[in-house]
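Chemist: Numbering (numbering that gives the first Met the number 0), first residue to last: 0 to 1323.
We put the CB at the ideal spot given by N, CA and C, even for glycine.
Keep in mind that this is a model prediction, so the values were computed, not measured.
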Amino acid sequence: MSEQSATVQKRERTGAYDPSVIEPRWQAWWAARGTYRAPNPGEPGFDPARPKFYVLDMFPYPSGAGLHVGHPEGYTATDIVARYKRARGFNVLHPMGWDAFGLPAEQYAIQTGVHPAITTRKAIDTFRRQLQRFGFCYDWSREFATIDPDYYRWTQWIFLKLYNSWFDTGDRQQATGNRQQAAGSGQQAAGSGQQATGSGQQEEAQKHTGTEAHRDEGRGAQTWDGAEGKGRARAIEALVAELESGEREPRINPEAAEHSTADKAQVFGSWSTLDRATKRRIIDSYRLAYLAEQTVNWCPKLGTALANEEVTADGLSERGHFPVFRKPLKQWMLRITAYADRLLDGLNVVDWPESTRIQQTEWIGRSEGAEIEFPLADVGVVQQDGPELRGEAGLRGGAGLRPAAGQPTLRVGSKDSTTEGDGSSMSLHPPSVVADVEVGREPVVRAATFVGRDPYPPGEPSPHDLIAQARRLPHLELEGATYFVTWKTADGLPLSRHERTMALKALGHWDGQRCRVYLANVMSNHVHWIVRPFEGVRLGDLVGSVKKFSAREIHAGRGAQGRLWQEERFDHIIRDERWFTAFTYYVLRNPVVAGVVKKPSEYDHTWVHEEVCAAEGLSLAAGSSENCPTGGRSETCPTTQPCPTTQPCLTTQPCPTLETCPTLENRPTLRVFTTRPDTIFGATYMVVAPEHPLVARVLENPAPETDVQKLRAYVEAARNRGDVERMAGAEKTKTGVFTGVYCINPAVAAESTVAAGSTDPVFAAHPARIPVWTADYVLMGYGTGAIMAVPGQDQRDWDFAEAFDLPIVRTVQPPEGFDGEAYLGDGPAMNSGFLNGLDIDDAKRRIIDWLEERGVGRRRVQYKLRDWLFSRQRYWGEPFPIVFDEAGNHYPVEECHLPVTLPEMADYHPEESDEPRPLLAKASGWARTTAGAAGVRAATDEADVLGLPPDARVSRETNTMPGWAGSCWYYLRYCDPKNPACFSGPEAHQYWMGRGGVDLYIGGSEHAVLHLLYARFWHKVLFDLGCVGTIEPFRKLFHQGLITSYAYQRPDKSLVAVDAVEEVEEGRFIERETGKPVAQVVAKMSKSLKNVVNPDDVIAEYGADTFRMYEMFMGPLEASKPWNPRDVGGLFKLCNRIWRLFIDPDTGEVGETVTTDEPTREALRILHKTIQHVGEDVEHLKFNTAIARLFDFVNALTPMERRPVAVLEPFLRVLAPFAPHLAEELRHRLCAAGLIPDAPAESPSITGLAWPEHDEALAKDDEVEIAVQILGKVKAKIVVSADADEATLERVALADAKVQEQLAGKTVRKVITVRGRLVNIVAG
RNA sequence: GCCGGAGUGGCGGAACUGGCAGACGCGCGGGAUUCAAAAUCCCGUUCUGGCAACAGAGUGUGGGUUCGAUUCCCACCUCCGGCACCA
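Okay, here's the thing in structure tokens:
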């Protein structure tokens, strides 16, 4: 201390440059005067005439270790820009604050019991003190930390915005459309949906904020501030209103990742009839914040969940080596996937580094392709009632088809007690396949593919189309539904009139008792039935009962036995009156069209409920056959006609009837996602992930070829491999096991015919029959967890096919001479039937159309992006403003009751527990409360599903938000950090966030993906809700490079710490202990290598100005570069030299060389060059070259005997952004010496002064040296006036003696002249 | 493996849109100042050959386009960052 102050005194006395004195002085002065305070619109001192510039640093986490030299790199850059822009007349917003929640403080609390807030505040104070020592021009009046209740109150508020919003895809019209409709009309529907969305947007924006919309209107920049389309967030009330009005069908959000496809397929009655729980389920499925069960790595010993990186390869915690288990836990998720497309689109309007945009694009991972259904050839394994099939498995339900055990072929069989015994005697039209519905046992077929789309076509299709459509749909059994059911007689045996009457009686038997029968109709060989089972009655039971009863009666009459009715039946839910009418109309009109009767009323085996007869608009006699493509004959397809189905028929014989047509329809299918549907003909096998439900199902119910043991072993191994071998690195060899099951390749099937006379109904030798394998190179989490393997065009598939000797078929013609394996390039399709000759794009279009027409596939976009897991089982984070009632329903805390603050804890030790439990749950006094105390809205009445009675017992959400939460919106709070009424006041927000948001955002590339993606997501939600006015938050983004350090490396590449090495001579280093030579290398700074540079030390030695200039001079801002202590001195020297341009070191006064002379031409030239180049370089963030220009200036001025103040003073204003203390000091000294007038009273600081204007003419050199090349080699130099034209250049160059010499004996062929550059003579 | 970025003196780096490669700094060499040192100022500093004038080579490697290439194209090598069997 005493030694240091002695040095200081000496420096002061001698007038040497001493940053340790001048820097703290000016820092205090700036702080006292509020020099860097940026007033908001409306505040005193705000100048609305100036444009704004918002320059932002990435939110630092104040670690206990304090600042390292990497931090100030970006901060210096933004500081320079902020100062420069201020000098250029901008109102600059340049704030700083703290992303302060974080694990280290909590860990420390666990160890010591010190409240994390205390630890964190201390770290913040250290950081602030360190940052202030750099002289950064932050507006500290705007400082806040994410741990401030005043701040996280609004983080919670935004969470509630997410919670209370849903993503309207704008497909309401499509909701009543059909997924199988032609692509053209589908697009039309989507288009009009978007339009509707767009027009409603502004309106709703106003509605939501309650205040003025934050939207930045009239700025005109469509790309920035316009509506985006592709759907948007809206208030949940709008959803409820749509549901209540009937505008939207009540159903589970089809886009909800947390719901199974079966959930999403459920069709509910009208909104008003639904119970509370169902209404809630539907609403919650739409929220942008939702609860879902997620697997966590739970470590009971640590009482905490661990990130994947914190778990070792052997399933132990990295910390402590305790066992870790995978446990499901209900956690909050944010529906970021809804914004996948918009997050992609936004990347096109921002000025960001290309690499970051690419990283984000890849993270979102959009791939366009097709989803294709591959019918399973062996369907015995797929009982349609299994809960497994409800997941994302992609197994489509059809009628359950079942092979006889041990037989490779399908035969008619039954478990029906009435037909026990010989199944073969029941064969129908061999070799066809008959579906087997196990009536009375488990007839419900879950709809695994009923995803996201309403099954009913738009407009008014013909009844025939409806029926055909219904046939393709999965069967559903739902409480309260009305069904259309139809089945045939076995063998198509005709019924007599008497038998038909009996059947009709049976169909009507339970009317009024167990069901309501709306329509019953018995034809000579089949029945139609429209029925609504009463509550608690199952459709399957009813059908079974009717069949059994009628069969017994009829058989008795005939004296026959066995099966009367076909086991297959079609049932489908009738959802609304339109459909009801259509089905009824179809049933009644069909006999007329078929010519059985003249009009429906003549049909005597029909019974229609009065209600139906009375129904409006049902005109039974109306209609004609013209809109029925098969002339109404599809029900009784005669053998003389081709099969009327749209599916390719695989048998060689004409189908007797539709129901027995062994086409691919109505089989269970394996659904795949592919980006190369054009290669479908080359799909020679299938692969499903080991976790795929099909595999479990096969294990339960093996196919004849299944090697159960091997399969089971593989699945087990794959499960373990998930965690263990992921770390072990890329595993090259492909592994897998054949499941024993086959699929039918629908494209190959359609193009091939089975040889006539084949008796094999499941195409045992057919090329369309392809094996299904399981292998862990297929991931359950992407697509459908199943692929069609196309070895010819996919290297992974190729490798797999090679390994397991599976067929390879090329379907894209590789170029001549191609000797690779899989061919991924473009080329004409081959071996692909109707696709042959088409290039990839055309083939894709063609095949997708083809698939869609047949209902076996569709266009599909897939994303890698997953929803954002938003819950952490930690104490030190933002509490969720959510409570749960005793039934487990969640309720938001009302806005006026925010913030929900963290409770005090007795200690921070997690409880050791097998059950995942967040730490906060220990604060039971806090967690258990009442709805009123927690601030939940009081329920208005019974029907109010979103409120609670105030005295209802509730428990608080005990998870907390993740670290990302607070940093997602901090840039908005800076605009208006103290506003108690709003997250950011509209006026301030509009001003600072106008014109594309943050104008310059600098931070490390480690945040290139997650932080920037999450923040953009929140911003877009807030945009949709009218809370912000730009579609993107950060207009220009820049990543500073890493600051590395030197370390030393032994010949074996191991690193040696800096303090263990000695430099024996220039550039030669040895390891002190061994004396062996080591090489100097660049490495990341790390404690272990002892190469960490502490900024405090550097500042103590050289001062902040030197530090700032060194960091900027090291190299390009974006590059990684090593900290070289030796180089720092060079910048200190620069500061000293600048000092001495002004100050006589002997006297400490302004030197006598500083004059009021008229500047010389030379002095003016260097000044204006400096102004110009530094300005340009700062604009381009090229600070290293800007500082080189400062060197140039000093180099030019140093030798001058007389230095005009008219040149020195503007130079200080150029210097100020880089070395603000030095510039401020010197300017004040010039004032004090009377060499320049005092600065204006309102801004006595150099900070308030304008950037000097440069004069282009003065900056120009009078004469320039021009290189003269002969054949591109410089041979001579000539000096000409700077504006010499081409002719002059050529003349002077050719006249040059040296040139003459070189050209002797040669002919000049051509002379190329570039003004101000060179002359190149082509001679020979 | 894929995607992105980068390879230039002893070192950090510069070179606008294809136009004198090595700005600027560090280090090093020489000189001035000094009793001496530090500091400061001046000169030099890509390599090879030559006392020198000068000559030749040279921007990771190999090829190409061009009057002219660090810059554009093709192939390859090395390093850094990101993703990782994404169908």
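(1) DSSP on Gly681, reduced to helix/strand/coil?
(2) Pull up the distance between the alpha-carbon of Phe817 and that of Gly826, whole angstroms please.
(3) Between Pro976, Val777, Asp840, Ser831, which has its C-alpha nearest Met95's C-alpha?
(4) Counting C-beta neighbours from all protein chains within 10 Å, is the total for Leu1270 16 or more, i.e. buried, or is it exposed?
(5) Does the Cβ of Ala276 have 16 or more other Cβ atoms within 10 Å, making it buried, or fewer, making it exposed?
(6) Would Ile1245 pass as a contact of Gly14 if the rule is Cβ separation under 7 Å?
(7) Using alpha carbons as the reference points, say which of Gly63, Asp149, Phe1016, Asn39 lies closest to Ala980.
(8) Compute the Euclidean distance between the alpha carbons of Pro71 and Gln129, then round it to the nearest angstrom.
(9) From Ala1099 to Thr118, what does the alpha carbon distance come to, in whole angstroms?
(10) From the DSSP secondary-structure annotation, give me the bridge partner or partners of Ile1069.
(11) Can the beta-carbon of Pro766 be found less than 7 Å from the beta-carbon of Tyr741?
(12) Under the assumption that Ala519 contacts Gly507 (Cβ atoms under 8 Å), give the Cβ distance between them as a whole number of angstroms.
(13) Based on Cα-Cα distance, which residue from Cys1230, Gln131, Glu1117 lies nearest to Ile1353?
(14) With DSSP collapsed to three states, give me the class of Asp510.
(15) Rounded to whole angstroms, what's the CA-CA distance from Pro352 to Tyr1000? Just pull it up for me.
(16) Taking Cβ positions, are Leu897 and Gln155 nearer each other than 7 Å?
(17) Going straight from the alpha carbon of Leu161 to that of Leu669, what length do you get?
(18) Using the C-alpha atoms, what's the distance from Glu534 back to Thr272?
(19) Can you tell me where the alpha helix (DSSP H) holding Val899 begins and where it ends?
(20) Can you check DSSP and say which residues form a bridge with Ile786?
(21) Name the residue from Glu911, Ile1186, Gly134 whose alpha carbon lies nearest to the alpha carbon of Phe321.
(22) Of all the alpha helix (DSSP H) runs that stay within the bounds of the region 1110-1155, which reach a length of 4 or more residues?
(23) Check the DSSP bridge columns for Thr959 and list the partner residues they point to.
(24) With distances taken Cα to Cα, identify the nearest neighbour of Arg499 among Leu1024, His525, Phe483, Ala480.
(25) Output needed for Val1077: all residues of its chain with C-beta closer than 7 Å, excluding positions within five of it in sequence on either side, in chain order.
(26) Looking at Pro61 and Ala122, is the spacing between their C-beta atoms short of 7 Å?
(27) Report the CB separation of Thr1152 from Arg1201 in whole angstroms; it is logged as a contact under 8 Å.
(28) For the alpha helix (DSSP H) that contains Gln71, what are its first and last residues?
(29) What does a CB cutoff of less than 7 Å around Ser983 pick up in its chain, not counting 5 residues either side in sequence?
(30) Within 10 Å of its beta-carbon, does Glu1110 have 16 or more other beta-carbons around it, so buried, or fewer, so exposed?
(31) Using DSSP's beta-bridge definition, name the partner residues of Gly368.
(32) Alpha carbon to alpha carbon, what distance is there between Ala964 and Gly393?
(33) Could you tell me the alpha carbon to alpha carbon distance between Gln812 and Glu914, rounded to whole angstroms?
(34) Note down the Cα distance separating Tyr482 from Trp528, rounded to an integer number of angstroms.
(35) Which one of Met787, Glu292, Asp1191, Val521 has the shortest CA to CA distance from Pro493?
(36) On the three-pair Cβ rule with 8 Å, is the region 694-704 touching the region 853-865?
Modeler: Taking the definition as stated:
(1) For the purposes of this step, residue 681 is taken as the residue at position 682 of the first sequence. Reduced to three states, the DSSP call for Gly681 is helix.
(2) Position 818 of the first sequence, counted from the start, is the residue given in the question as residue 817. Position 827 of the first sequence, counted from the start, is the residue given in the question as residue 826. About 12 Å.
(3) In the first sequence, counting from the first residue as 1, residue 95 sits at position 96. Among Pro976, Val777, Asp840, Ser831, the Cα nearest to that of Met95 is on Pro976.
(4) The residue given as residue 1270 occupies position 1271 in the first sequence. With fewer than 16 Cβ atoms within 10 Å of its Cβ, Leu1270 is classed as exposed.
(5) Taking the first sequence and counting its residues from 1, the one referred to as residue 276 is at position 277. Exposed: under 16 other Cβ atoms inside 10 Å.
(6) In the first sequence, the residue the question calls residue 1245 occupies position 1246. In the first sequence, the residue the question calls residue 14 occupies position 15. Against a cut-off of 7 Å, the Cβ pair of Gly14 and Ile1245 comes out as no contact.
(7) Along the first sequence, one-based indexing puts residue 980 at 981. With distances taken between Cα atoms, Ala980 lies closest to Asp149.
(8) What you label residue 71 is simply residue 72 of the first sequence in a count that begins at 1. What you label residue 129 is simply residue 130 of the first sequence in a count that begins at 1. Each residue's Cα considered, the two are about 10 Å apart.
(9) On the first sequence, residue 1099 is found 1100 positions in, with the first residue counted as 1. On the first sequence, residue 118 is found 119 positions in, with the first residue counted as 1. Each residue's Cα considered, the two are about 26 Å apart.
(10) Taking the first residue of the first sequence as 1, we reach residue 1069 at position 1070. Beta-bridge pairing links Ile1069 to Glu1061, Pro1076.
(11) Counting from 1 along the first sequence, the entry for residue 766 is found at position 767. Counting from 1 along the first sequence, the entry for residue 741 is found at position 742. No, the pair does not count as a contact, with Cβ atoms beyond the cut-off.
(12) Here residue 519 corresponds to residue number 520 of the first sequence, with the count starting at 1. Here residue 507 corresponds to residue number 508 of the first sequence, with the count starting at 1. Sure, about 6 Å apart at Cβ, within 8 Å.
(13) The structure shown does not extend to residue 1353, since the chain is modelled only from 0 through 1323, so no value can be given for it.
(14) Translated into positions along the first sequence, residue 510 becomes position 511. Strand.
(15) Here residue 352 corresponds to residue number 353 of the first sequence, with the count starting at 1. Here residue 1000 corresponds to residue number 1001 of the first sequence, with the count starting at 1. Pro352 and Tyr1000: Cα-Cα distance of roughly 11 Å.
(16) Within the first sequence, the letter at position 898 stands for residue 897. Within the first sequence, the letter at position 156 stands for residue 155. Cβ atoms of Leu897 and Gln155: closer than 7 Å.
(17) Residue mapping note: residue 161 aligns to position 162 of the first sequence, counting from 1. Residue mapping note: residue 669 aligns to position 670 of the first sequence, counting from 1. Roughly 36 Å separates the two Cα atoms.
(18) Translated into the one-based positions of the first sequence, residue 272 becomes position 273. Translated into the one-based positions of the first sequence, residue 534 becomes position 535. About 14 Å.
(19) What you label residue 899 is simply residue 900 of the first sequence in a count that begins at 1. Per DSSP, Val899 belongs to no alpha helix (DSSP H) and is neither H nor E.
(20) Numbered from 1 along the first sequence, position 787 holds the residue referred to as residue 786. Per DSSP, Val686.
(21) Here residue 321 refers to the residue found at position 322 of the first sequence. Ranking the options by Cα distance to Phe321, first place goes to Glu911.
(22) 1124-1141
(23) Translated into positions along the first sequence, residue 959 becomes position 960. Answer is Arg871, Pro878, bridged to Thr959.
(24) Reading the first sequence from its first residue, position 500 is the one you call residue 499. Of the listed residues, the one whose Cα sits closest to Arg499 is His525.
(25) As a working note, residue 1077 is residue 1078 in the first sequence. Once the five neighbours on either side are set aside, the close Cβ partners of Val1077 are Tyr1047, Gln1048, Arg1049, Val1055, Val1060, Phe1068, Ile1069, Glu1070.
(26) Taking the first residue of the first sequence as position 1, residue 122 is located at position 123. Taking the first residue of the first sequence as position 1, residue 61 is located at position 62. Yes, the pair counts as a contact, with Cβ atoms nearer than the cut-off.
(27) Residue mapping note: residue 1152 aligns to position 1153 of the first sequence, counting from 1. Residue mapping note: residue 1201 aligns to position 1202 of the first sequence, counting from 1. Contact flag correct, Cβ pair sits at about 6 Å.
(28) Working through the first sequence from its first residue, we reach residue 71 at position 72. In the sequence as presented, Gln is not what sits at residue 71; that position holds Pro. 70-86 is the extent of the alpha helix (DSSP H) around Pro71.
(29) Stepping through the first sequence from its first residue, residue 983 is reached at position 984. Correct list, in chain order: Leu971, Arg972, Cys974, Asp975.
(30) For the purposes of this step, residue 1110 is taken as the residue at position 1111 of the first sequence. The residue is buried, with at least 16 neighbouring Cβ atoms inside 10 Å.
(31) Within the first sequence, the letter at position 369 stands for residue 368. Answer by DSSP bridge pairing, in chain order: Arg859.
(32) As a position in the first sequence, residue 393 is number 394, starting the count at 1. As a position in the first sequence, residue 964 is number 965, starting the count at 1. Below a pLDDT of 50, predicted positions are generally treated as unreliable, and Gly393, at 30, falls in that range; no measurement from the model is reported.
(33) As a working note, residue 812 is residue 813 in the first sequence. As a working note, residue 914 is residue 915 in the first sequence. Taking the straight line from one Cα to the other gives about 57 Å.
(34) Translated into the one-based positions of the first sequence, residue 482 becomes position 483. Translated into the one-based positions of the first sequence, residue 528 becomes position 529. Using only the alpha carbons, I get a separation of about 8 Å.
(35) Taking the first sequence and counting its residues from 1, the one referred to as residue 493 is at position 494. Measuring from the Cα of Pro493, the nearest candidate turns out to be Val521.
(36) no
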